[in-house]
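Per this note's numbering, the sequence shown runs over residues 1258 to 1804.
Each remark here refers to the structure printed beneath this line.
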Amino acid sequence: TYGDTHINIVDTPGHADFGGEVERVLGMVDGVVLLVDAVEGPMPQTRFVTKKALALGLRPIVVINKVDRPGSRPDWVVDQTFDLFDKLGATDEQLDFPIIYASGLNGWACLDLKDAPSQGGSASDMVPLFDTVLKHVPTPPGSADAPLQLQIAALDYSTYTGRLGVGRVLNGRIKPGMNVAVMNHEEQVATGRINQVLGFKGLDRIEVSEAEAGDIIIISGLDDIGIGVTICDKENPVGLPMLSVDEPTLTMDFMVNSSPLAGTEGKFVTSRQIRDRLTKELLTNVALRVEDTGDADVFRVSGRGELHLTILLENMRREGFELAVAKPRVVYKDIDGEKCEPYENLTIDLEDEHQGGIMEEIGRRRGELTNMESDGNGRTRLEYHIPARGLIGFQSDFLTMTRGTGLMSHVFDDYAPVKPDLPGRHNGVLVSQENGEAVAYALWNLEDRGRMFVSPGDKLYEGMIIGIHSRDNDLVVNPIKGKKLTNVRASGTDEAVRLTPPIKLTLESAVEFIDDDELVEITPKSIRIRKRHLQEHERKKAAREAA
């Protein structure tokens, strides 16, 4: 609350993978504050959310943050932001945006850079920002005296009160104990009684006796609510159009873990438990799609991107699930009889010395350079239009090639005709031929063959991938072979076994790394990579059939 005004501040995810949430959140607000870094300027994620906001007719307030940071360039950032709005089709009113200069870390904001403490000014609080919000953001359009309309934009769950609906009251009033109708656009799907009405104060939820048009609230007591439904006056039900959500662009197969170590580390391992968890996720994750396949143990899960799906996998892993997933694949579409695939806008910020290698690698992945800018301080920004397929597995290569100094972000752009086949992974893998525990002596002997994913004592099985081969072919190895002992007394001159530390696999790096014939085994304690066919003769047979 600022003065006599209650301001609802709603944070949106910046990443395009969570486009479903962004669209719903923007439907609840009357204005937007665009936060831009004073050094980096607008990023691709900025473009995604801004495009949605401008299309809805919302007028932006631009806040340039971190203006006291070394290397800040606020004037350049303002120009870049204006150009971005213009490219996204902003109206003249939207292009006439107010600018606030701020430092979130030090808690001050000002309308003129001369007032910044770093310039000798006296700015000391956030009052200019709140005053600008009150001046430029219109009041809610609804009427408290009209029949009730509340559109559900998000769902939550409480073990005490069941399903919770989060949304904004567009018209009318709502209070606990009120009888309401649940509308799916023009069709009434249920009636019910409101149990609780909760409002927001800071990050806390507080129980309120009544809410009216303009309030963002949480309601409980209705079991039949879903994303996009309208809670209406029972006597005069008028539904609102359902919310549209961007279609999925990436799909992965989730399957029951069938490795020899299955069931040893997780609580939930069966196909029924995985199906129930995915069905529950669909209630709140509107951009997700789950389909059955010909195999009862395999589910095809589609989402907005790699991040969207790996966050779901990480949540399931932490809850105690054990499962395997295949390599991500893009979702193709037929447009005017032509097969099309999703393309992304990729922005890269790197040191000049790494530019050549990165440009060569992106060219190999069929990326097209659209813009290139040098900041004159040894760093360059590159912008590409690239197939989403070309970005699968690129993150780890990018970090290696730039030695961790590069910044990379990408956002979905559009569908375009399919490019020719993209080249695959450079290196083959080292595959275990035995079950057992890894032995230091065996791993030491294999160090010349490549980098390892495993340490001595790790449990292994036949068909499990234990490292990256230094050449482009797969190599079957024995990592559990111990040193041969004899009854001849040791001379004491044997070399001590010193191992290079293994590559630590994360969920994201494992999903990016695998090939079509490989799976990632995910358990609450471990991330392993394995061949789809564990035995070598089965892999050879599958390769012959594929050829």
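No residue lacks a Cβ here, since even glycine has one placed at the ideal position from N, Cα and C.
Given residue i as reference, the closest of the options once Cα atoms are compared
i            : options                   : result
residue 1587 : 1636, 1376, 1798 and 1646 : 1646
residue 1777 : 1574, 1316 and 1265       : 1574
residue 1845 : 1666, 1705 and 1384       : Given a span of 1258 to 1804 for the chain in the structure shown, any question on residue 1845 remains unanswerable.
residue 1775 : 1792, 1318 and 1759       : 1792
residue 1683 : 1265, 1731 and 1662       : 1731
residue 1681 : 1771, 1486 and 1610       : 1771
residue 1780 : 1625, 1579 and 1761       : 1579
residue 1639 : 1649, 1654, 1653 and 1620 : 1620
residue 1288 : 1297, 1269, 1294 and 1296 : 1269
residue 1562 : 1315, 1504 and 1422       : 1504
residue 1352 : 1735, 1371 and 1291       : 1291
residue 1598 : 1577, 1704 and 1648       : 1648
residue 1304 : 1279, 1284 and 1417       : 1279
residue 1385 : 1324, 1320 and 1332       : 1320
residue 1264 : 1387, 1626, 1790 and 1515 : 1387
residue 1715 : 1669, 1782 and 1347       : 1782
residue 1590 : 1565, 1543, 1671 and 1526 : 1671
residue 1331 : 1348, 1362 and 1297       : 1297
residue 1468 : 1457, 1461 and 1432       : 1432
residue 1773 : 1764, 1538, 1796 and 1755 : 1796
residue 1786 : 1418, 1417, 1311 and 1514 : 1514
residue 1629 : 1616, 1544 and 1267       : 1616
residue 1325 : 1488, 1357 and 1376       : 1376
residue 1688 : 1679, 1703 and 1697       : 1703
residue 1259 : 1369, 1710, 1610 and 1392 : 1392
Bridge partner(s) assigned by DSSP for residue i
i            : result
residue 1754 : None, per the DSSP bridge assignment.
residue 1688 : 1722 and 1733
residue 1499 : BP columns for residue 1499 are empty, so no partner.
residue 1716 : 1694
residue 1292 : 1320
residue 1602 : 1642 and 1668
residue 1259 : 1262
residue 1709 : 1724
residue 1422 : 1412 and 1476
residue 1775 : 1788
residue 1356 : 1319
residue 1365 : 1360
Residue i - DSSP class collapsed to helix/strand/coil
i            : result
residue 1586 : strand
residue 1374 : helix
residue 1490 : strand
residue 1673 : strand
residue 1595 : strand
residue 1332 : helix
residue 1312 : helix
residue 1580 : strand
residue 1297 : coil
residue 1667 : strand
residue 1647 : helix
residue 1561 : coil
residue 1541 : helix
residue 1428 : strand
residue 1683 : coil
residue 1458 : strand
residue 1380 : coil
residue 1811 : Here the chain covers residues 1258 to 1804 and nothing more, so residue 1811 does not appear.
residue 1466 : coil
residue 1343 : helix
residue 1400 : coil
residue 1438 : strand
residue 1630 : strand
residue 1446 : strand
Same chain, Cβ closer than 8 Å to residue i, neighbours up to 5 away in sequence not counted
i            : result
residue 1224 : Lying before the first or after the last residue shown, residue 1224 is absent from the chain, which here runs from 1258 to 1804.
residue 1729 : 1683, 1684 and 1685
residue 1522 : 1579, 1780, 1781, 1782 and 1783
Spatial neighbours of residue i in its chain, beta-carbon cut-off 7 Å, leaving aside the 5 residues before and after
i            : result
residue 1494 : 1438, 1440 and 1445
residue 1349 : none
6 Å CB neighbourhood of residue i in its chain, flanking five on each side removed
i            : result
residue 1708 : 1724, 1725 and 1760
residue 1612 : 1637
residue 1627 : 1640 and 1642
residue 1475 : 1421, 1423 and 1455
residue 1490 : 1404 and 1405
residue 1582 : 1509, 1511 and 1777
Any non-hydrogen atom of the ligand SAH within 6 Å of residue i CB
i            : result
residue 1546 : Judged by which ligands are present, the structure shown has none, so any question about the ligand SAH falls away.
CB contact below 7 Å: residue i versus chain D
i            : result
residue 1619 : In the displayed structure, chain D is absent; only one protein chain is listed.
- Message: Under 8 Å, with one C-beta from each stretch per pair, do the stretch 1338-1348 and the stretch 1407-1427 reach the 3-pair mark?
- Response: no
- Message: Check whether the stretch 1447-1457 and the stretch 1475-1483 touch, using three or more Cβ-Cβ pairs below 8 Å as the test.
- Response: yes
- the stretch 1546-1561 in contact with the stretch 1634-1648 per 3-pair CB rule at 8 Å: no
- Message: Using 8 Å as the cut-off, can you tell me whether the stretch 1670-1680 makes contact with the stretch 1707-1725, which would need three or more C-beta pairs spanning the two stretches below that distance?
- Response: no
- Task: Specify whether the stretch 1557-1571 and the stretch 1507-1516 touch according to this definition: at least 3 beta carbon pairs, one from each stretch, less than 8 Å apart.
- Result: yes
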